[in-house]
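A.B. asks: Add 226 to the 1-based position in the sequence shown for my numbering, that's all there is to it. Could you have a look at this structure, given as structure tokens, before my questions?
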Amino acid sequence: AISRTSQTLQSFRKMYSVAYPLAVLATCVASANAFMPTGPLLRAAPAPAISRARLAPLRMDAEVAVEPEKKAKRVVGALAEKFSAGFAHPPAFAGDTEIRKILPHRYPFLLIDKILECVPGEYAVGVKCITANEPQFTGHFPDRPIMPGVLQIEAMAQLGGFVALQPPLAEPGQDFFFGGVDNVKWRKPLVPGDVLVMEMHVTAYKKRFGICKMAGKGYVDGKVAVEGDFTFAIVTAKKE
Numbered sequence: 227a228i229s230r231t232s233q234t235l236q237s238f239r240k241m242y243s244v245a246y247p248l249a250v251l252a253t254c255v256a257s258a259n260a261f262m263p264t265g266p267l268l269r270a271a272p273a274p275a276i277s278r279a280r281l282a283p284l285r286m287d288a289e290v291a292v293e294p295e296k297k298a299k300r301v302v303g304a305l306a307e308k309f310s311a312g313f314a315h316p317p318a319f320a321g322d323t324e325i326r327k328i329l330p331h332r333y334p335f336l337l338i339d340k341i342l343e344c345v346p347g348e349y350a351v352g353v354k355c356i357t358a359n360e361p362q363f364t365g366h367f368p369d370r371p372i373m374p375g376v377l378q379i380e381a382m383a384q385l386g387g388f389v390a391l392q393p394p395l396a397e398p399g400q401d402f403f404f405g406g407v408d409n410v411k412w413r414k415p416l417v418p419g420d421v422l423v424m425e426m427h428v429t430a431y432k433k434r435f436g437i438c439k440m441a442g443k444g445y446v447d448g449k450v451a452v453e454g455d456f457t458f459a460i461v462t463a464k465k466e
């Protein structure tokens, strides 16, 4: 009886050693399938979008090789030359030194940088380059600098003075004053970086009274920015 019992126990142990691992495996598989989409248990892993074996090591821009035909050689100054040609003016008729010999104005109120063309007593074309370091922009306006309209009119008046304060209308050393301004229109605000190109023409002159009338326009980038009709009084007596 004892030998039979031991044989039975040994048989049971063999069955248990095989059945228990299978039961554990089945339990793990069932638990995994509960969290996976329905379908076959074994499936091929998706191929990566980019194979790691094909990834090149990271390099700085200076190390990246560029094909000779695709590498454009930049000539220093080529862009500046192109833009400068667009801003080119004809040779100046009068520069700062010559303007000071005719006009009595001085810094910070001399508002003509150069004269491009002029026929004394008839007309003149002058330039005013507007820059951010001009004193009026500290208050007009601190956060949005705009050249005051009255200074635009003053710049045109000074150009008119360059026309009038030369023979045949006047002699060197005479002064001129504003007599009036009419039909003034401002077409656009002028800001630092703008170049105001002005033209003033004499429309009438009464020598007996020293009254000179002119019409003028100012342009920025080829568009009218300011215009008006001016009346000046030329002082006949020369300064001593």
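Just so it is clear, CB atoms sit at the ideal spot from N, CA and C, and this is done for glycine as well.
Exposed or buried, what is F309 when buried is set at 16 or more other beta-carbons lying within 10 Å of its beta-carbon?
C.D. replies: The residue is exposed, with fewer than 16 neighbouring Cβ atoms inside 10 Å.
A.B. asks: Rank Q384, G312, T357 by C-alpha distance to the C-alpha of A456 and give the top, closest one.
C.D. replies: According to the sequence shown, residue 456 is Phe rather than Ala. Taking only the C-alpha atoms, the option nearest F456 is Q384.
A.B. asks: Use the C-beta contact count for A306: other C-beta atoms within 10 angstroms, 16 or more gives buried, fewer gives exposed.
C.D. replies: Counting Cβ neighbours within 10 Å, A306 comes out exposed, since fewer than 16 surround it.
A.B. asks: Going by DSSP, which residues form a beta bridge with Y349?
C.D. replies: Y349 pairs with V345, H427.
A.B. asks: Provide the residue span of the beta strand (DSSP E) that contains I437, from first to last.
C.D. replies: Note, I437: beta strand (DSSP E), 437-446.
A.B. asks: Taking the alpha helix (DSSP H) that F404 falls in, what are its first and last residues?
C.D. replies: Premise fails: F404 lies in the beta strand (DSSP E), 402-412, not in any alpha helix (DSSP H).
A.B. asks: State the CB to CB distance for the pair A390 and L337, rounded to an integer number of angstroms; the pair is presumed to be in contact (CB under 8 Å).
C.D. replies: At roughly 16 Å, the Cβ-Cβ gap does not stay under 8 Å, so A390 and L337 are not in contact.
A.B. asks: Could you give the distance in angstroms between the alpha-carbon of A314 and the alpha-carbon of L422?
C.D. replies: In a straight line, the C-alpha of A314 is about 14 Å away from that of L422.
A.B. asks: Just verifying my parser: in three-state terms, what is the DSSP assignment at D322?
C.D. replies: In the structure shown, D322 sits in a helix (DSSP, three-state: H, G or I).
A.B. asks: What are the residues that DSSP puts in a beta bridge with K354?
C.D. replies: DSSP output for K354 lists L422 as bridge partner(s).
A.B. asks: At a cut of 8 Å, does the region 350-359 reach the region 423-441 through at least three beta carbon pairs?
C.D. replies: In short, these stretches touch, since the Cβ pair count reaches three.
A.B. asks: Quick one: using the 10 Å Cβ neighbour count with 16 as the cut-off for buried, is T303 buried or exposed?
C.D. replies: The residue you asked about is not Thr; residue 303 is Gly in the sequence shown. G303 should be labelled exposed.
A.B. asks: Work out the CA separation of A358 and Y445 for me, nearest whole Å.
C.D. replies: Each residue's alpha carbon lies about 19 Å from the other.
A.B. asks: What residues match up with D455 in a beta bridge as DSSP calls it?
C.D. replies: Answer is D408, A441, bridged to D455.
A.B. asks: Are the region 356-375 and the region 324-331 in contact at 8 Å, needing three or more beta carbon pairs?
C.D. replies: At 8 Å Cβ cutoff, the stretches do not touch.
A.B. asks: Quick one: Cα of E453 to Cα of P334, how far?
C.D. replies: E453 and P334: Cα-Cα distance of roughly 23 Å.
A.B. asks: Have a look at I379, G419, A459 and flag the residue whose alpha-carbon is nearest the alpha-carbon of P371.
C.D. replies: The residue with the shortest Cα to Cα distance from P371 is G419.
A.B. asks: Here's a check: name, in chain order, each residue in its chain whose Cβ is nearer than 6 Å to the Cβ of A320, leaving out the five neighbours to either side.
C.D. replies: If we look at A320 and ignore the five residues flanking it on each side, its Cβ neighbours are I341.
A.B. asks: Please state the DSSP three-state secondary structure of K340.
C.D. replies: Reduced to three states, the DSSP call for K340 is strand.
A.B. asks: Going by Cα to Cα distance, which pick from D401, P317, I356 is closest to L377?
C.D. replies: Ranking the options by Cα distance to L377, first place goes to I356.
A.B. asks: Pull the bridge partners of I372 from the DSSP assignment, please.
C.D. replies: DSSP output for I372 lists no bridge partner at all.
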